[in-house]
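S.K.:
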Amino acid sequence: MDSPFLSFFVIYSLQLWWVVNGRKFSDHHITPIRLDLYRSCDNLIEDVKALVDRHPDVFTMETMKAVDNDYSAAISVITYNNPKRGLDEKLKSRILISFGQHGRELITSEVALHLLSVISKEKMLPNMDLSSLDKTLENLVIKVVPMENLNGRRLVEAGDPCERRNGRAVDLNRNWSVDWGKKEQDFDPYEENPGTAPFSEPETQIMRKLSTSFNPHIWVNVHSGMEAMFMPYDHRNATPDGSAFNAMKSILEDLNHHHCGGRCLVGSGGGSVGYLAHGTSTDYIYDALKVPMAFTFEIYGDLEAPSRDCFRMFNPINLATFNRVLNDWSAAFISLFERGPLLLDGTSDWVPIDSYKELVGRKEVKGMDMIDLGMQEIRTYFRLFLLSSVLLMFMFCSRISKSKCIPSLSSIHL
């Protein structure tokens, strides 16, 4: 076989392999991070801190930390609260928003900074009414986590643009306790590693402590990869019942119409996205903490990007789209701030957790966590106990009489 023919054969075979695998031969190009659009993680946190320092009358910033063995995490939390309005803080609606849970979703943290800039009035949205914004904000306490997964973000900036997990390869949005560890047929152990146990990761420990102590009325977990607005549940194809469903559906449809151009998927995560996700933060915060409104927003996605071109897939790569996403989703949050509290009265199943909050930081909280984490196991053991009891009774009775005292297995609900 001569050399030219061999070269042709190799090239043709490679092209055929790429076609069979659903890709074009030219798709090997990986879009680099646009440093002219996106801040580094350190610069973004510095810019957030500078913004807070310029507005100490309404903003505060704290850094929450946690350590597990030799792995540590730190999460910055920004609180907006205007005490000058004279309104009792207990009467204000509390909103908690987390950005940057997955390292590769850089655009989410940029939206966080832009939203804070709008709240501070350093930046203006198109057609924004300042008096209306003031009236909305005076009734709220808002906590914003600009970058939940700082360690994972560092890995992305170090050259792994597809990394979504934290610094020790755990998906933080699979590490919460509701339905933790369950694996679907399409489970990807690389992408969806749930960790060694619920809340095994310092990041999720911090977020659980924050959400429990703050006790929000509204929670939003912000991601990218598509355009969607989800309510619970992620781990099953179902939505909340009754008034809670109606309130959440109403506000999501309104936001989709006014700020997403009708493009966003609206519904439950498990029923809309095409797969079930177990151990997510939104399901925990809705199911375990009983937060009345819990959402997951997916704010951008390039569905035509090659599978390995993760920066392009999850983040806008041109200035016009970048600015549109910042403005559209910041406006969507302002609308949520306006409408969400008005609909809270319709979510009658909200239960305050003040008694649980008092345990935060003390050893007793571990007992509360074990109740939450082990309910499914307790039910399983109880059912096994019932079955064992029936079988033992059956064996005992069969020795006494073959015709008497035999219980009906069908009467026991397993």
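According to mature numbering (1 follows the signal peptide of the UniProt record, and there is no 0), the stretch in the sequence shown is residues -22 to -1, 1 to 392, in order. Glycine is no exception: its CB is placed at the ideal position from the N, C-alpha and C atoms. As the structure is a computational prediction, the values presented were derived from the model and not from experiment.
#1: With a floor of 4 residues, list each alpha helix (DSSP H) that falls wholly inside the stretch 85 to 147, ordered by position along the chain.
#2: First and last residue of the alpha helix (DSSP H) that includes residue 33?
#3: Our contact map puts residue 176 next to residue 158 with C-beta atoms below 8 Å; I'd like the distance itself, whole angstroms only.
#4: Between the Cα of residue 156 and those of 168, 195, 172, 142, spot the shortest distance and give me the residue it belongs to.
#5: Straight-line CA distance for residue 239 to residue 89?
#6: Any chance the stretch 102 to 114 sits against the stretch 39 to 50, with 3 or more Cβ pairs inside 8 Å?
#7: Would you call residue 62 buried or exposed, if buried means 16 or more other Cβ atoms sit within 10 Å of its Cβ?
#8: Buried or exposed: which applies to residue 257, given that a residue is buried once 16 or more other Cβ atoms fall within 10 Å of its Cβ?
#9: Can you tell me which of 85, 308, 95 puts its alpha carbon nearest to the alpha carbon of residue 139?
#10: Using the C-alpha atoms, what's the distance from residue 277 back to residue 133?
#11: Distance check for residue 180 and residue 303, CA to CA, integer angstroms please.
#12: For residue 158, which of helix, strand or coil comes out of DSSP?
#13: Does at least one heavy atom of the ligand PLP sit under 6 Å from the Cβ of residue 245?
#14: Of the choices 265, 192, 91, whose alpha-carbon is the least far from that of residue 219?
#15: Give the list of continuous beta strand (DSSP E) stretches no shorter than 3 residues that lie fully inside the stretch 212 to 290.
#16: For the stretch 248 to 255 against the stretch 182 to 192, do three or more pairs of beta-carbon atoms, one drawn from each stretch, fall closer than 8 Å, so that the two count as touching?
#17: Does the stretch 29 to 39 come within contact of the stretch 304 to 316, defined as at least 3 CB pairs closer than 8 Å?
#18: Should residue 36 and residue 58 be called a contact, given that it needs their Cβ atoms to be closer than 7 Å?
#19: Please state the DSSP three-state secondary structure of residue 65.
#20: For residue 187, which of helix, strand or coil comes out of DSSP?
#21: Do you know whose CA, among 284, 21, 217, 259, lies nearest residue 91's CA?
#22: Out of 183, 162, 120, 203, which one is the CA nearest neighbour of residue 142?
#23: Reducing DSSP to helix, strand and coil, say where residue 23 ends up.
#24: Under 8 Å: do the stretch 114 to 127 and the stretch 68 to 82 share three or more Cβ pairs, one atom per stretch?
#25: Would the beta-carbon of residue 150 fall within 7 Å of that of residue 129?
#26: Tell me, to the nearest whole angstrom, how far the beta carbon of residue 201 is from that of residue 275; I am working on the premise that it is less than 8 Å.
#27: Going by C-alpha distance, which of 116, 135, 38, 109 is nearest residue 65?
#28: Using DSSP's beta-bridge definition, name the partner residues of residue 74.
#29: Roughly how many whole angstroms lie between the Cα atoms of residue 217 and residue 15?
#30: Using a Cβ-Cβ cut-off of 7 Å (strictly less than) and excluding sequence neighbours within five positions of residue 94, which residues of its own chain qualify?
#31: Helix, strand or coil for residue 206? Go by DSSP, reduced to three states.
#32: Just to confirm, are residue 322 and residue 195 a CB contact at a threshold of 7 Å?
#33: Given a threshold of 16 other Cβ atoms within 10 Å of its Cβ, counted over all protein chains shown, does residue 293 qualify as buried or as exposed?
#34: Return helix, strand or coil for residue 18, following the three-state DSSP convention.
#35: Do residue 199 and residue 259 have their C-beta atoms closer together than 7 Å?
#36: Leaving out the 5 sequence neighbours to the left and right, which residues in its chain are closer than 8 Å to residue 18 when beta-carbon positions are compared?
M.R.: Result, derived from the coordinates:
#1: Within the stretch 85 to 147, the complete alpha helix (DSSP H) runs of at least 4 residues are 108 to 115, 128 to 135.
#2: One-based indexing of the sequence shown puts residue 33 at position 55. It is not in any alpha helix (DSSP H) - residue 33 carries neither H nor E in the DSSP assignment.
#3: Sequence index remark: in the sequence shown, residue 176 carries index 198 (1-based). Sequence index remark: in the sequence shown, residue 158 carries index 180 (1-based). That belief holds up - the Cβ atoms of residue 176 and residue 158 are roughly 4 Å apart, short of 8 Å.
#4: On the sequence shown, position 178 is the one that residue 156 refers to. That would be 172, whose Cα lies nearest to the Cα of residue 156.
#5: Within the sequence shown, the letter at position 261 stands for residue 239. Within the sequence shown, the letter at position 111 stands for residue 89. Approximately 18 Å, taken between the alpha carbons.
#6: Between the stretch 102 to 114 and the stretch 39 to 50, the count of C-beta pairs closer than 8 Å stays below three; the two stretches do not touch.
#7: Looking up residue 62 in the sequence shown gives position 84. By the neighbour-count rule (16 or more Cβ atoms within 10 Å), residue 62 is not buried but exposed.
#8: If you number the sequence shown from 1, residue 257 lands on position 279. Classification for residue 257: buried.
#9: Stepping through the sequence shown from its first residue, residue 139 is reached at position 161. Looking at the Cα atoms, 85 is the closest of the given residues.
#10: Along the sequence shown, one-based indexing puts residue 133 at 155. Along the sequence shown, one-based indexing puts residue 277 at 299. When rounded, the distance between both Cα atoms is 22 Å.
#11: In the sequence shown, the residue the question calls residue 303 occupies position 325. In the sequence shown, the residue the question calls residue 180 occupies position 202. Whole-angstrom Cα-Cα distance: 30 Å.
#12: As a working note, residue 158 is residue 180 in the sequence shown. In this structure, residue 158 counts as coil in the three-state DSSP scheme.
#13: Within the structure as shown, the ligand PLP is missing, as the structure has no ligands at all.
#14: To locate residue 219, count along the sequence shown from 1; it is residue 241. Of the candidates 265, 192, 91, the one whose C-alpha sits nearest the C-alpha of residue 219 is 265.
#15: 243 to 246, 271 to 278
#16: By the Cβ test, the stretch 248 to 255 is not in contact with the stretch 182 to 192, since fewer than three Cβ pairs between them sit closer than 8 Å.
#17: no
#18: Taking the sequence shown and counting its residues from 1, one reaches residue 36 at position 58. Taking the sequence shown and counting its residues from 1, one reaches residue 58 at position 80. Residue 58 is positioned such that its CB atom lies closer than 7 Å to that of residue 36.
#19: In the sequence shown, the residue the question calls residue 65 occupies position 87. Residue 65 falls in the coil class under three-state DSSP.
#20: Looking up residue 187 in the sequence shown gives position 209. Three-state DSSP puts residue 187 in a helix.
#21: The residue you call residue 91 lines up with position 113 of the sequence shown. Nearest option by C-alpha distance: 21.
#22: Taking the sequence shown and counting its residues from 1, one reaches residue 142 at position 164. Nearest of 183, 162, 120, 203 to residue 142, Cα basis: 203.
#23: For the purposes of this step, residue 23 is identified with residue 45 of the sequence shown, where counting begins at 1. Three-state DSSP puts residue 23 in a helix.
#24: yes
#25: Locating residue 150 in the sequence shown gives position 172, where the first residue counts as 1. Locating residue 129 in the sequence shown gives position 151, where the first residue counts as 1. No; because the gap between Cβ atoms is not below 7 Å, this pair is not in contact.
#26: The sequence position of residue 201 within the sequence shown is 223, counting from 1. The sequence position of residue 275 within the sequence shown is 297, counting from 1. That pair is a contact at about 7 Å.
#27: Within the sequence shown, residue 65 is the residue found at index 87, counting from 1. Of the listed residues, the one whose Cα sits closest to residue 65 is 116.
#28: Counting from one through the sequence shown, the residue named residue 74 turns up at place 96. Note: residue 74 sits in a beta bridge opposite 121, 197.
#29: Walking along the sequence shown from the start, residue 217 turns up at place 239. Walking along the sequence shown from the start, residue 15 turns up at place 37. Each residue's alpha carbon lies about 37 Å from the other.
#30: Here residue 94 corresponds to residue number 116 of the sequence shown, with the count starting at 1. Cβ neighbours of residue 94 beyond the five flanking positions: 26, 29, 56, 122.
#31: Within the sequence shown, the letter at position 228 stands for residue 206. Look at residue 206 here: in three-state DSSP terms it is strand.
#32: In the sequence shown, counting from the first residue as 1, residue 322 sits at position 344. In the sequence shown, counting from the first residue as 1, residue 195 sits at position 217. Going by C-beta atoms, residue 322 is nearer than 7 Å to residue 195.
#33: Here residue 293 refers to the residue found at position 315 when the sequence shown is read from its first residue. Residue 293 should be labelled buried.
#34: As a working note, residue 18 is residue 40 in the sequence shown. Reduced to three states, the DSSP call for residue 18 is coil.
#35: Within the sequence shown, numbered from 1, the residue matching residue 199 stands at position 221. Within the sequence shown, numbered from 1, the residue matching residue 259 stands at position 281. Taking 7 Å as the Cβ cut-off, residue 199 and residue 259 qualify as a contacting pair.
#36: Your numbering for residue 18 matches position 40 in the sequence shown. 135.
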